[in-house]
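Participant: Residue numbers (the working numbering), protein chains in the order written: chain C, 1115 to 1325; chain Y, 1115 to 1325. The following block contains the structure, expressed as structure tokens.
2 protein chains.
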Amino acid sequence: MDMKNKKASDATVTRLSRYYRSLVHLETQGVAMVSSKALARRDGISPAQVRKDLSCFGQFGTRGQGYPVAELKEAISRILGLYRTWNVALVGVGYLGVSLLAYREFKAQGFHIVAAFDNDPEKIGKKRRNVIIRDIRTLPEVVKKLDIEMAIVTVPQDAAQSVVDLLVRSGLKMILNFAPVSLRAPVGVVIRNVNIAIELEALSYHLASGG
Amino acid sequence: MDMKNKKASDATVTRLSRYYRSLVHLETQGVAMVSSKALARRDGISPAQVRKDLSCFGQFGTRGQGYPVAELKEAISRILGLYRTWNVALVGVGYLGVSLLAYREFKAQGFHIVAAFDNDPEKIGKKRRNVIIRDIRTLPEVVKKLDIEMAIVTVPQDAAQSVVDLLVRSGLKMILNFAPVSLRAPVGVVIRNVNIAIELEALSYHLASGG
DNA sequence: GTCTGTGAAGAGTTTCACAGCT
DNA sequence: AGCTGTGAAACTCTTCACAGAC
């Protein structure tokens, strides 16, 4: 990967994902070129922000013209690692876990959930959405055998830290955590947290404080 | 609400939710006082950050002693609006929607999903997790009748904007959106987005760019 | 001594504004 | 003319450091 990558912040990477979606949409509409202004408006972002974000990774536009939709889409797909597929493990097959197994957007972006794990003997061995549920204790070997690089954690709070420890011991470096708890992991392991209850609390803050 | 509220950023409010969870935990452990340092360590945050965050809303601590766990918990619960219950509508009863209906953390924090809506005649009239699924067209009247103030949107991309428009017309001001698309709403309406695919993309960025 | 509360400094992010290309 | 790319300015958020309270 020979992109210049000055230093993209987390916020920049997140916006890149948005641009990507907009570009996919524009491409299906047959649009060939798009200006930072037009891209920005679609996402409620400033045109300068769009240009700065993109400038972290190279020069994709032509002055006076704008950005070529297809090429920019390709470039972002390479930056975000969407040009390839990723094998993903799902740990914790509760309601949320099952709904993620069925989530189409994942497969569409190249994220394949190839294994699911749980510790409930009732669940182990069964299939949900065509994925077999395995004993959590087999995780380290399955990770190696299936070449898994990412994990999605949807276990209860209490179990989350020990699951993360197990994932780290198994060599995984990318974890998406849905348990409502702060997790510790060694440097080099990237954990992203999705905390649905906290999102609602942020909303209720606005109402409660007289928004 | 007579708190001083200097100007709490989104990040501050999110951290408040974390502190709240830690405080709940500490209270069950019988801990009476906690220092900013101890609170911070539990969440991987700096002690100064904890103090600054709290200082947005008042002075809750005692110098030399720390913060009284029970009182601080109460105060944050008031700030975040957790001292009361909120009636919430769920729009879009797909896999994700159903899993949110079953999400215990919501009820524990006072968020009650009192109505679910869909536009699929197959689903309308049936119950999932003890909540009846209603015709989306009845939303405005049901919102009024059941005193609903928040909505969770789990419909497909294409439908998301029109659902948000309907919610806004029905008088809702707080929306939690799970559709992977940027939404427009008038000022005064707070929309928070949870975009699960984007989270995975941010992870894959780190791996793809040689993390 | 310990620990909070907070102004000031530092770091990071966004916006501005304009040079330079088409 | 229109639009990108980017240094500089503006703004925001975090950390520092210390006065003041126990």
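By construction, the Cβ of each residue, glycine as well, lies at the ideal position given by its N, Cα and C atoms. All figures in this text were calculated on a predicted structure; none of them were measured in a lab.
(1) Please report whether the beta-carbon of G1172/Y lies at a distance below 8 Å from any beta-carbon of chain C.
(2) Thinking C-alpha only, which one of S1284/C, A1299/C, A1203/C, E1263/C is nearest A1322/Y?
(3) Return the residue from the list G1175/C, R1248/C, N1244/C that minimises the CA-CA distance to V1205/C.
(4) Could you check where the alpha helix (DSSP H) with V1212/C kicks off and where it finishes?
(5) Between which residues of its own chain and M1147/Y is the CB-CB distance below 7 Å, once the five residues before and five after are set aside?
(6) Under a CB-based cut-off of 8 Å, is D1272/Y close to chain C?
(7) Assuming D1249/Y is part of the beta strand (DSSP E), what are its boundary residues?
(8) For K1241/C, name the three-state secondary structure that DSSP assigns.
(9) If we define contact as Cβ-Cβ less than 8 Å, is R1156/Y a contact residue for chain C?
(10) Please state the DSSP three-state secondary structure of D1232/C.
(11) Is there a Cβ of chain C sitting closer than 8 Å to that of G1195/Y, yes or no?
(12) So with Cβ pairs under 8 Å, would you call K1287/C a contact of chain Y?
(13) Less than 8 Å between CB atoms is the rule here; does V1278/Y satisfy it with respect to chain C?
(14) For M1115/C, which residues of its own chain have a beta-carbon under 6 Å away from its beta-carbon, when the five flanking residues on both sides are left out?
(15) What's the call for Y1134/C, buried or exposed, on a 16-neighbour Cβ count within 10 Å?
(16) So, T1199/C versus H1226/C, is the Cβ gap smaller than 8 Å?
(17) Suppose the cutoff is 6 Å on Cβ atoms and the five residues either side in sequence are ignored; what does the same chain contact list for P1254/Y look like?
(18) For the alpha helix (DSSP H) that contains R1218/Y, what are its first and last residues?
(19) Going by DSSP, what residue range makes up the alpha helix (DSSP H) through V1277/Y?
(20) Here's the rule I'm using: 16 or more other beta-carbon atoms within 10 Å means buried, otherwise exposed. How should S1160/Y be labelled?
(21) With DSSP as the reference, please indicate the residues paired to R1306/C in a beta bridge.
(22) Are there 16 or more other CB atoms within 10 angstroms of the CB of N1244/C, so buried, or fewer, so exposed?
(23) Using a Cβ-Cβ cutoff of 9 Å, what residues of the segment 1127–1159 of chain Y are near chain C? List them in chain order.
(24) Are the C-beta of S1213/C and some C-beta of chain Y separated by less than 8 Å?
(25) Interface residues of chain Y around L1260/C at Cβ under 8 Å?
(26) Between the C-alpha atoms of T1176/C and L1137/C, what's the straight-line distance to the nearest angstrom?
(27) Which residue's Cα is closest to the Cα of S1123/Y: D1157/Y, S1169/Y, R1156/Y?
(28) Mind pulling the chain C residues with CB within less than 7 Å of I1312/Y?
(29) How would you write the range of the alpha helix (DSSP H) that L1137/Y sits in, first residue to last?
(30) State yes or no: is the beta carbon of A1162/C nearer than 8 Å to at least one beta carbon in chain Y?
(31) Within 10 Å of its beta-carbon, does I1193/Y have 16 or more other beta-carbons around it, so buried, or fewer, so exposed?
(32) How many Å lie between Q1223/Y and L1281/C at the Cα?
(33) Below 9 Å on C-beta distance, what does L1321/Y contact in chain C?
(34) So for T1252/Y, helix, strand or coil by DSSP?
(35) Can you tell me where the beta strand (DSSP E) with I1266/Y in it begins and where it stops?
(36) What residue range is occupied by the uninterrupted alpha helix (DSSP H) comprising A1184/Y?
Facilitator: According to the structure data:
(1) Not one chain C Cβ lies under 8 Å of G1172/Y.
(2) Ranking the options by Cα distance to A1322/Y, first place goes to E1263/C.
(3) When G1175/C, R1248/C, N1244/C are compared, the shortest CA-CA separation from V1205/C is found for R1248/C.
(4) Here the alpha helix (DSSP H) through V1212/C covers 1209–1215.
(5) If we look at M1147/Y and ignore the five residues flanking it on each side, its Cβ neighbours are Q1179, G1180, Y1181, P1182, V1183.
(6) No, D1272/Y does not count as interfacial toward chain C.
(7) Run containing D1249/Y: 1245–1249, per the beta strand (DSSP E) assignment.
(8) Assignment of K1241/C by DSSP, reduced to helix, strand and coil, places it in the strand class.
(9) Using a Cβ-Cβ cut-off of 8 Å, R1156/Y counts as an interface residue toward chain C, since at least one Cβ of chain C sits closer than that to its own.
(10) Under the three-state reduction of DSSP output, D1232/C falls in the strand class.
(11) At least one chain C Cβ lies under 8 Å of G1195/Y.
(12) Under the 8 Å criterion on CB atoms, K1287/C is classed as interfacial with respect to chain Y.
(13) No, V1278/Y does not count as interfacial toward chain C.
(14) Residue confidence is low: M1115/C scores 41 on pLDDT, short of 50, so the model does not pin down where it sits. Its coordinate-derived value is still stated next. Excluding residues within five positions, none has a Cβ falling inside 6 Å.
(15) Note on Y1134/C: 16 or more other CB atoms within 10 angstroms of its CB, so buried under the neighbour-count rule.
(16) The answer is yes: Cβ separation under 8 Å.
(17) S1284, listed in sequence order.
(18) Residues 1218–1222.
(19) Boundaries of the alpha helix (DSSP H) around V1277/Y: 1271–1283.
(20) Exposed, because fewer than 16 other Cβ atoms sit within 10 Å of the Cβ of S1160/Y.
(21) Looking at the DSSP assignment, R1306/C forms a beta bridge with L1290/C.
(22) Counting Cβ neighbours within 10 Å, N1244/C comes out exposed, since fewer than 16 surround it.
(23) Those residues of the segment 1127–1159 of chain Y that come within reach of chain C (Cβ to Cβ, closer than 9 Å) are V1127, T1128, L1130, S1131, R1132, Y1134, R1135, S1136, R1156, D1157, G1158, I1159.
(24) Yes, because at least one Cβ of chain Y sits closer than 8 Å to the Cβ of S1213/C.
(25) L1260/C does not reach chain Y, its nearest Cβ partner there being about 16 Å away, counting only Cβ pairs nearer than 8 Å.
(26) Looking at the two C-alpha atoms, the distance is approximately 17 Å.
(27) S1123/Y has its Cα closest to that of S1169/Y, out of D1157/Y, S1169/Y, R1156/Y.
(28) T1128, S1131, listed in chain order.
(29) L1137/Y -> alpha helix (DSSP H) spans 1124–1142.
(30) Interface with chain Y (8 Å Cβ-Cβ cutoff): A1162/C is excluded.
(31) Counting Cβ neighbours within 10 Å, I1193/Y comes out buried, since at least 16 surround it.
(32) Rounded to whole angstroms, Q1223/Y and L1281/C show a C-alpha spacing of 30 Å.
(33) Per Cβ cutoff of 9 Å: G1195, W1200, E1263, M1264, K1287, M1288, V1304.
(34) If DSSP states are grouped into helix, strand and coil, T1252/Y belongs with the helices.
(35) Here the beta strand (DSSP E) through I1266/Y covers 1264–1267.
(36) Taken as a continuous stretch (DSSP letters only), the alpha helix (DSSP H) holding A1184/Y covers 1183–1194.
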